[in-house]
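The structure appears right after this line, and notes come after that.
Number of protein chains: 2
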Amino acid sequence: MNTVAVITKEELLKHWLGHRNLTRRTIEKFPEAELFTYAVPGMRTFGELANELISIAVPGLTGIVNRQVEAYAEANKYTSKAAILEVWDQHTEELKHLWAQLKEENFHETFNLFGQYEFPVIENILYFIDNEIHHRAQGYVYLRSLGIEPPFFWER
Amino acid sequence: MNTVAVITKEELLKHWLGHRNLTRRTIEKFPEAELFTYAVPGMRTFGELANELISIAVPGLTGIVNRQVEAYAEANKYTSKAAILEVWDQHTEELKHLWAQLKEENFHETFNLFGQYEFPVIENILYFIDNEIHHRAQGYVYLRSLGIEPPFFWER
Numbered sequence: 001m002n003t004v005a006v007i008t009k010e011e012l013l014k015h016w017l018g019h020r021n022l023t024r025r026t027i028e029k030f031p032e033a034e035l036f037t038y039a040v041p042g043m044r045t046f047g048e049l050a051n052e053l054i055s056i057a058v059p060g061l062t063g064i065v066n067r068q069v070e071a072y073a074e075a076n077k078y079t080s081k082a083a084i085l086e087v088w089d090q091h092t093e094e095l096k097h098l099w100a101q102l103k104e105e106n107f108h109e110t111f112n113l114f115g116q117y118e119f120p121v122i123e124n125i126l127y128f129i130d131n132e133i134h135h136r137a138q139g140y141v142y143l144r145s146l147g148i149e150p151p152f153f154w155e156r
Numbered sequence: 001m002n003t004v005a006v007i008t009k010e011e012l013l014k015h016w017l018g019h020r021n022l023t024r025r026t027i028e029k030f031p032e033a034e035l036f037t038y039a040v041p042g043m044r045t046f047g048e049l050a051n052e053l054i055s056i057a058v059p060g061l062t063g064i065v066n067r068q069v070e071a072y073a074e075a076n077k078y079t080s081k082a083a084i085l086e087v088w089d090q091h092t093e094e095l096k097h098l099w100a101q102l103k104e105e106n107f108h109e110t111f112n113l114f115g116q117y118e119f120p121v122i123e124n125i126l127y128f129i130d131n132e133i134h135h136r137a138q139g140y141v142y143l144r145s146l147g148i149e150p151p152f153f154w155e156r
């Protein structure tokens, strides 16, 4: 697996942090009330989706770095925009700290994420990012439905 | 840039192809009529979004591989589900063929995508994938709005 890197560890971090920045601005744009009440039938509110993202990224990465398998626990406990943004920023700092503890060779080790998803670490991490893009995009549709222009997708 | 790879070129291709497979199944789930008529106000139909994805991925990658800068051209010319799925499958095969012509060291070369986006090739490619996830997720909301269950996000 020694090769010229198509993406380095530092670039992948920068990529993820760019997405986190955009997701943060998407949360910020949401009106407080609709964040916890508005949803398409059969779907969750953007506040619930944000709580899912919070419950996955840093808890998942903590497990990976500490090699400690913990069950997924979605507390759904952040019930105001301010609380979500506060934990979002804390987690961004924790994420950078955790990332620094990962070595390149760890990315191809297998980890049983949340005791349920036994995959190489790189697949787990790409899942975290993809899932964030996926749910944020649903937030974009909610914002449009509410007559609010979402942030530019290409701005990170 | 010689290092243990956090993700190899082949793994990144597999990742992208997994997403293309999921997007294909999302298009398939769309009722023909709503594919070109249904949208949240201020947004495009999923048929238009699919045409954008078709206009970006393989045309962009063709430019990268051939080092030929061509302007972005969205013809929006695929106006039936069958036509979209047909070109989708053709493009998936072309993508594999183009990918085989890329070398690891090319990913950090700069390319002026569509004559507009002068970035390292890896950033352009991640953008293609992210943009696909983003618009597909909007298709998920449309499907839910239409009372149709989208494919499982984690199935690729």
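So the protein sequences, as listed, match chains C and X. So for the first sequence, UniProt numbering puts the first residue at 1; every next one is plus one. So for the second sequence, UniProt numbering puts the first residue at 1; every next one is plus one. All residues carry an ideal CB built from backbone N, CA and C; glycine is no exception. Since the structure is predicted, the reported quantities are computational estimates derived from the model, not experimental observations.
- Inclusion of C:E74 and C:S55 in the CB contact set at 7 Å is warranted, their separation being smaller than that value.
- Only E104, E105, F107 from the region 102 to 118 of chain C bring a Cβ to less than 7 Å from some Cβ of chain X.
- Interface with chain X (7 Å Cβ-Cβ cutoff): C:Q138 is included.
- When 8 Å is used as the limit between beta carbons, X:R144 is near these residues of chain C: V40, P41, G42, M43, in chain order.
- In summary, X:A33 is exposed, with fewer than 16 beta-carbon neighbours lying within 10 Å of its beta-carbon over all protein chains present.
- Per the C-alpha coordinates, the member of C:R144, C:L146, C:I148, C:Q138 positioned closest to C:T23 is C:Q138.
- With respect to the 7 Å criterion, C:N131 and C:L113 are not classified as neighbours on the basis of their beta carbons.
- The criterion of a C-beta distance shorter than 7 Å is satisfied by X:H135 and X:L49.
- Within the same chain, and ignoring the five residues on either side of X:I64 in sequence, the residues whose Cβ sits closer than 6 Å to its Cβ are F111, V121.
- Nearest neighbour of C:L53 by Cα position, chosen from C:R156, C:H19, C:F107, turns out to be C:H19.
- Here X:V69 is near X:G115, since their CB atoms are less than 7 Å apart.
- Taking 8 Å as the upper bound for CB-CB distance, C:S145 and X:V40 are in contact here, some 5 Å apart.
- At a cut-off of 7 Å, the C-beta of C:H134 has a neighbouring C-beta in chain X.
- Annotated three-state conformation of X:V4 is strand, per DSSP.
- When beta bridges are read from the DSSP output, C:L113 appears opposite C:Y117.
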